Amino acid sequence: MTATPPLSANTPLLDAILDAPGMGQRRAIAKAITLLESTRADHRAQADALLTALLPHSGKSLRLGISGVPGVGKSTFIEALGLYLIEKGHRVAVLAVDPSSSVSGGSILGDKTRMERLSVREEAYIRPSPSSGTLGGVAEKTREAMLVCEAAGYDIVIVETVGVGQSETAVQGMTDMFVLMQLPNAGDDLQAIKKGVMELADLVLINKADIDANAALRAEAQITSSLRLLGISGNPHDPHSEDYWHPKVLKISALQGQGLDAFWEAVTTFQRLQTANGLLQSRRQHQALAWMWERIDAGLKQSFKNSPLVRAQLPAITTAVQSGQLAASTAARQLLAVLAASPSAAPP
Ligand code: GDP
Numbered sequence: 024m025t026a027t028p029p030l031s032a033n034t035p036l037l038d039a040i041l042d043a044p045g046m047g048q049r050r051a052i053a054k055a056i057t058l059l060e061s062t063r064a065d066h067r068a069q070a071d072a073l074l075t076a077l078l079p080h081s082g083k084s085l086r087l088g089i090s091g092v093p094g095v096g097k098s099t100f101i102e103a104l105g106l107y108l109i110e111k112g113h114r115v116a117v118l119a120v121d122p123s124s125s126v127s128g129g130s131i132l133g134d135k136t137r138m139e140r141l142s143v144r145e146e147a148y149i150r151p152s153p154s155s156g157t158l159g160g161v162a163e164k165t166r167e168a169m170l171v172c173e174a175a176g177y178d179i180v181i182v183e184t185v186g187v188g189q190s191e192t193a194v195q196g197m198t199d200m201f202v203l204m205q206l207p208n209a210g211d212d213l214q215a216i217k218k219g220v221m222e223l224a225d226l227v228l229i230n231k232a233d234i235d236a237n238a239a240l241r242a243e244a245q246i247t248s249s250l251r252l253l254g255i256s257g258n259p260h261d262p263h264s265e266d267y268w269h270p271k272v273l274k275i276s277a278l279q280g281q282g283l284d285a286f287w288e289a290v291t292t293f294q295r296l297q298t299a300n301g302l303l304q305s306r307r308q309h310q311a312l313a314w315m316w317e318r319i320d321a322g323l324k325q326s327f328k329n330s331p332l333v334r335a336q337l338p339a340i341t342t343a344v345q346s347g348q349l350a351a352s353t354a355a356r357q358l359l360a361v362l363a364a365s366p367s368a369a370p371p
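Residues in the sequence shown are numbered consecutively from 24, following this note's numbering.
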């Protein structure tokens with residue numbers, strides 16, 4: 024292992040995060056997350072040291088991903104669920120992945136007033152989406168914030184994302200169980216299937232069942248059959264085995280708090296089965312490695328773009344490719360060779 028930066032600078036912060044719940048811990052979590060989100064190189068070194076120190080204390084939570092189109096009822100549901108779980112003695116952290124927030128200038132998901140009753144609870148910690156960077160960057164910060172919350176003893180971490188773009192894949196890739204929220208009308212599920220999102224779901228919730236019970240029933244039947252058609256199964260060996268979780272569909276009303284018991288029962292069954300059969304552990308291992316490689320890819324690309332030698336040669340090579348004098352693949356190899364020879368090929 025390469026030398027990690029000294030831990031000493033972070034010790035009071037680390038101690039405060041690991042301390043008992045209270046205002047001090049809350050402030051320390053916020054401070055740690057701000058440090059993790061900083062783009063300054065010296066902060067990044069401290070943040071990495073902090074993460075390394077936090078890691079043995081993290082990982083003990085259940086990580087729930089929740090996605091759905093704007094207006095489906097995510098924040099209404101998460102608030103109801105959060106309060107329900109607090110009543111059961113849990114501590115709940117709510118994080119968000121909203122890559123559009125840097126464009127819109129403010130995170131829709133970060134609007135705390137949407138979860139007024141939950142945000143005032145001691146046992147809840149709500150953090151808006153990091154508001155800058157690519158989806159990969161935003162997802163990285165959220166993953167790291169998740170580790171901080173886990174180390175602080177939040178045993179349920181909910182990661183919310185809007186059902187647009189690639190953010191569902193990012194959230195599915197950082198959670199134990201991925202929940203897709205749908206509206207009870209026929210068009211929606213087809214859209215989710217088309218986008219491939221349905222295949223990510225461990226559980227599909229049909230929300231707003233209170234508005235039209237029949238429509239919700241139809242949607243439930245339709246989505247259940249499409250899950251079967253997709254051949255989705257948590258079990259790579261035997262799709263009928265009771266030792267493995269199989270994706271399910273539930274009707275709920277987030278507004279009226281209906282279906283929370285059934286939802287929680289499904290989540291705990293999922294957790295029990297997938298822990299016993301080892302899939303939960305392998306999912307996390309796979310996620311950690313995928314995360315590492317995703318960040319390596321992003322870091323290499325950044326190094327490439329930052330390299331003065333590459334930048335110096337790029338215009339001429341680009342012109343040569345455009346004018347048909349140089350094959351695109353040859354150009355790529357030449358530029359990569361420039362990077363490899365570049366003294367500044369260090370990580371960003
Ligand atoms: P989000 O954009 O997915 O976070 O959706 P919100 O939670 O903000 O909900 C959008 C709107 O739908 C709000 O006006 C909610 O009150 C309403 N809503 C959410 N869940 C339900 C539900 O189960 N039934 C009904 N009738 N309305 C709901």
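Glycine included, each C-beta is placed from N, C-alpha and C at the ideal position.
Predicted model only: the values in this text are computed from it and were never measured.
**Request:** Report whether the distance from the Cβ of D235 to the nearest heavy atom of the ligand GDP is below 6 Å.
**Result:** no
**Message:** Considering Cα atoms alone, identify which of L303, H66, R318 is closest to L87.
**Reply:** For the residues L303, H66, R318, the minimum Cα distance to L87 belongs to L303.
**Item:** V92 versus M204 - alpha carbon distance
**Value:** 8 Å
**Prompt:** With contact counted as at least three CB pairs below 8 Å, one residue from each stretch, are the region 320-335 and the region 352-366 in contact?
**Reply:** Using a C-beta cut-off of 8 Å, the region 320-335 makes contact with the region 352-366, since at least three inter-stretch Cβ pairs fall below that distance.
**Asked** Any chance the CB of Q195 is under 6 Å from a heavy atom of the ligand GTP?
**Response** Only the ligand GDP can be found as ligands here, which leaves the ligand GTP out of the picture.
**Prompt:** Under the three-state reduction of DSSP, which class applies to A175: helix, strand or coil?
**Reply:** coil
**Message:** I need the DSSP call for A147, collapsed to helix, strand or coil.
**Reply:** strand
**Message:** Does the beta-carbon of P122, which I'm using as the reference point, lie nearer than 6 Å to any heavy atom of the ligand GDP?
**Reply:** no
**Prompt:** Hey, is N230 close to the ligand GDP, as in C-beta under 6 Å from one of its heavy atoms?
**Reply:** yes
**Prompt:** Quick one: what does DSSP say E265 is sitting in, helix, strand or coil?
**Reply:** coil
**Asked** The alpha helix (DSSP H) spanning L349 covers which residue range?
**Response** Counting along the chain, L349 falls outside any alpha helix (DSSP H), and DSSP gives it neither H nor E.
**Prompt:** From which residue to which residue does the beta strand (DSSP E) around I229 run?
**Reply:** 226-229
**Request:** Return the CA-CA distance between G301 and R307, expressed in angstroms with no decimal places.
**Result:** 10 Å
**Prompt:** With DSSP run on the structure shown, which of helix, strand or coil describes I89?
**Reply:** In the structure shown, I89 adopts extended strand secondary structure according to DSSP, grouped into three states.
**Message:** What residue range does the beta strand (DSSP E) around K111 cover?
**Reply:** Where K111 is concerned, there is no enclosing beta strand (DSSP E), given that its DSSP letter is neither H nor E.
**Asked** Out of curiosity, what's the CA-to-CA distance linking I275 and Y177?
**Response** 25 Å
**Item:** N- and C-terminal bounds of the alpha helix (DSSP H) containing L273
**Value:** It is not in any alpha helix (DSSP H) - L273 instead sits in the beta strand (DSSP E) that spans 271-274.
**Prompt:** If you draw a straight line from the alpha carbon of T165 to that of D225, how long is it in whole angstroms?
**Reply:** 21 Å
**Prompt:** By Cβ distance below 6 Å, which residues in the same chain neighbour W316 in space, the five residues on each side in sequence not counted?
**Reply:** none
**Request:** Check whether the Cβ of P93 sits closer than 6 Å to any heavy atom of the ligand GDP, and report yes or no.
**Result:** yes
**Item:** Which of helix, strand or coil DSSP assigns to A277
**Value:** coil
**Request:** Whole angstroms is fine: what's the gap from V117's alpha carbon to M221's?
**Result:** 23 Å
**Request:** List the residues that DSSP assigns as beta-bridge partners of Q205.
**Result:** I229
**Asked** Should T298 go down as buried or exposed, given a rule of 16 or more other Cβ atoms within 10 Å for buried?
**Response** By the Cβ-count criterion, T298 is exposed, with fewer than 16 other Cβ atoms from all chains shown falling within 10 Å of its own Cβ.
**Message:** Can you look up T165 in the DSSP assignment and give me helix, strand or coil?
**Reply:** Helix at T165.
**Request:** Tell me whether A355 sits in a helix, a strand or coil according to DSSP, three-state version.
**Result:** helix
**Prompt:** If you run the structure through DSSP and keep just helix, strand and coil, what is A70?
**Reply:** helix
**Prompt:** Cα separation between E145 and G45?
**Reply:** Straight-line Cα distance between these residues: approximately 7 Å.
**Prompt:** How is the alpha helix (DSSP H) around T192 delimited, first residue to last?
**Reply:** It spans 190-195 - the alpha helix (DSSP H) in which T192 sits, taken as one unbroken run.
**Item:** Whole-angstrom distance between A238 and T99, CA atom to CA atom
**Value:** 20 Å
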